[in-house]
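A quick write-up on the structure given underneath.
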Amino acid sequence: MYQENGFHVAVVGATGAVGQQMISTLLNRNFPIRKLTLLSSARSAGTKVDFNGQEVVVQEAKPESFEGVDIALFSAGGSVSKELAPEAAKRGAICVDNTSAFRMDLNTPLVVPEVNESDLEKHNGIIANPNCSTIQMVVALEPIRQKYGLKKVIVSTYQAVSGAGAAAINELMEQTQAIINGETYEAKILPVKSDNNHYQIAFNAIPQIDKFQENGYTFEEMKMINETKKIMHLPELHVSATCVRLPVAVGHSESVYFEIEAEGVSANDIKALLKDAPGIILQDDPENQVYPMPADCVGKNDVFVGRIRNDIDNPRGFHMWVVSDNLLKGAAWNSVQIAESLVRLGLVK
Ligand code: NAP
Ligand code: 3JN
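Its first residue numbered 1, the sequence shown is counted upward by one per residue in my numbering.
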């Protein structure tokens, strides 16, 4: 499991919903690890984590924790990344940051390997991993952009609670059980733990993910809009988003409307293109009721696409349904995939 010629890898936020998936993804991919350092806040320091049969003790994340680290995967919130990623980079580590802290920074590449792997070459010690909802959408849109050009995207999301962390998964499970038992359960986490009001998620749909901005969009919606333009190198692309939380544990779904530049393209052309596109599994057979659903995508690294059809009124407009495991391609797998690309491109010292 440990490889003598491998890298010293640190996972920051190792006890969290994403951090746990990062650890299992590193293991499943047989990522070349010489030494594994697991970091969290002081609350979880001392926790023992099993790594392929060997115990690793979680430590409190501090600037000194990154001495000798080659690759640091951050997933402990934006304020932790803002404080500690520059400290890690200063000590020679390449940081792959899963938070929004550096995503829109002009000097930080924002990378989805299927779309813009070559942006990694411009890194200055920190690489940003995009928002989960953005990642699965751009994987599906990029082959379409390459072949037919892209003018406009309008997306509505149906997001799983695990995107809001381990506490939100517990809230959905306990609240569902309480309602079934006829008991009351006070919502404390969703839609946003630090916001004023909390609403029932069990048997409900909440049209708020992250805090509202002055323009009436939520921060999650603005992340999708701004990150899509940056990753696809399309500052002029028209993008709009509505993000909704559903009582699903894992797996984000998206209804994506897009308008292409080319004329005379059919839904079958788009299906043929996506069938062989990297990172995508096409599940599109309406006659046999075949389409992607989150329950089928859990634990898989791919982006699943179906329900591809022409807009009734606009021959250049199309609709598709895009589903992926938000903790894997949306977070842990995309980060480990970036780390694999960095190694393959010889960008890790
Ligand atoms: P989570 O389940 O609540 O876990 C949070 C993790 O961060 C825990 O390991 C926690 O350690 C650690 N942590 C908290 N404060 C810390 C501190 N001061 N110093 C060091 N570690 C600290 O949350 P999650 O769902 O894993 O998400 C974590 C972060 O990942 C989010 O805040 C977000 O920025 C990012 N994220 C990104 C995406 C994406 O779209 N790409 C999706 C989900 C999450 P303790 O156990 O000690 O509390
Ligand atoms: O809610 C979701 O489904 C995705 C949430 C992602 C998230 C949660 C808390 C903080 C992020 C993110 O990565 O965009 C952040 C953040 O801004 O770092």
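Heads up, the beta-carbon is just placed ideally off N, CA and C, and yes, glycines get one too. Note that the coordinates shown come from a computational prediction; the quantities given were computed from them, not determined experimentally.
With 16 other CB atoms within 10 Å as the buried threshold, where does SER324 fall?
buried
How about THR99 and MET224: are their beta carbons less than 7 Å apart?
no
Cut-off 8 Å between Cβ atoms - residues of its own chain near ALA93, not counting five sequence neighbours on either side:
Here the set comprises ALA10, PHE66, VAL69, ASP70, ILE71, ALA72 and GLY125.
From the DSSP output, which residues share a beta bridge with ARG309?
HIS319
Measure the alpha-carbon distance for VAL12 versus ARG29 and round it to whole angstroms.
19 Å
Count Cβ pairs between the segment 75-82 and the segment 279-299 that sit closer than 8 Å; are there 3 or more?
no
Check whether the segment 252-272 touches the segment 134-150, counting contact only when three or more Cβ pairs, one atom from each stretch, lie closer than 8 Å.
yes
Beta strand (DSSP E) runs contained entirely in the segment 111-142, provided each spans 3 or more residues
126-128
For GLN54, the residue or residues it bridges with in DSSP
PHE51
What is the DSSP secondary structure of PHE74, reduced to helix, strand or coil?
strand
Using a 10 Å radius around the Cβ and a threshold of 16 neighbouring Cβ atoms, would you call LEU106 buried or exposed?
exposed
Give me the residue from SER81, ASP195, PRO235 and ASP50 with the minimum Cα distance to THR392.
Residue 392 lies beyond the stretch modelled for the chain, which goes from 1 to 349, so this question has no answer here.
Classification of THR184 by the beta-carbon crowding that lies within 10 angstroms, buried from 16 upward:
exposed
Just mark MET22 as buried or exposed, buried being the case when its beta carbon has 16 or more other beta carbons within 10 Å.
buried
Starting from ARG103, follow the alpha helix (DSSP H) in both directions and report where the run begins and ends.
Neither: ARG103 is in no alpha helix (DSSP H) and is coded neither H nor E.
Under 7 Å between the Cβ atoms of ASP276 and GLY306?
no
State whether the segment 235-253 contacts the segment 267-275, with contact taken as three or more CB pairs (one from each stretch) at a distance under 8 Å.
no
From this set, PRO235, GLY279, ILE189 and SER44, which residue's C-alpha is nearest GLY16's C-alpha?
SER44
Taking ALA182 as the reference, which of ALA202, ILE127 and GLY216 has the closest Cα?
It is worth fixing the name first, because residue 182 is Gly in this sequence and not Ala. The residue with the shortest Cα to Cα distance from GLY182 is ALA202.
Tell me whether GLN159 counts as near the ligand 3JN, meaning its Cβ is closer than 6 Å to at least one heavy atom of that ligand.
yes
For the segment 242-286, which segments carrying the alpha helix (DSSP H) assignment without a break, of at least 4 residues, lie completely within its bounds, in sequence order?
267-275
Would the beta-carbon of LEU27 fall within 7 Å of that of ALA61?
no
Residues that DSSP places opposite ASP97 in a beta bridge
PHE74 and ALA128
From GLN54 to ILE169, what distance separates their C-alpha atoms?
Rounded to whole angstroms, GLN54 to ILE169 spans 27 Å at the Cα level.
Assign GLY6 to one of three DSSP states: helix, strand, or coil.
Three-state DSSP puts GLY6 in a strand.
By Cβ distance below 8 Å, which residues in the same chain neighbour PRO286 in space, the five residues on each side in sequence not counted?
ARG307, listed in sequence order.
Span of the alpha helix (DSSP H) around LEU27:
17-28 is the extent of the alpha helix (DSSP H) around LEU27.
DSSP on LEU342, reduced to helix/strand/coil?
helix
Quick check on the DSSP output: the beta strand (DSSP E) that includes THR37 runs from which residue to which?
33-40
Considering only their Cβ atoms, is the gap separating ILE281 from LEU274 smaller than 7 Å?
no
Taking only three categories from DSSP, how would you classify PHE304?
strand
ILE154 - containing beta strand (DSSP E), residue span
Segment 150-159, the beta strand (DSSP E) holding ILE154.
Return yes when the Cβ of LYS122 is within less than 7 Å of the Cβ of ALA101, no when it is not.
Taking 7 Å as the Cβ cut-off, ALA101 and LYS122 do not qualify as a contacting pair.
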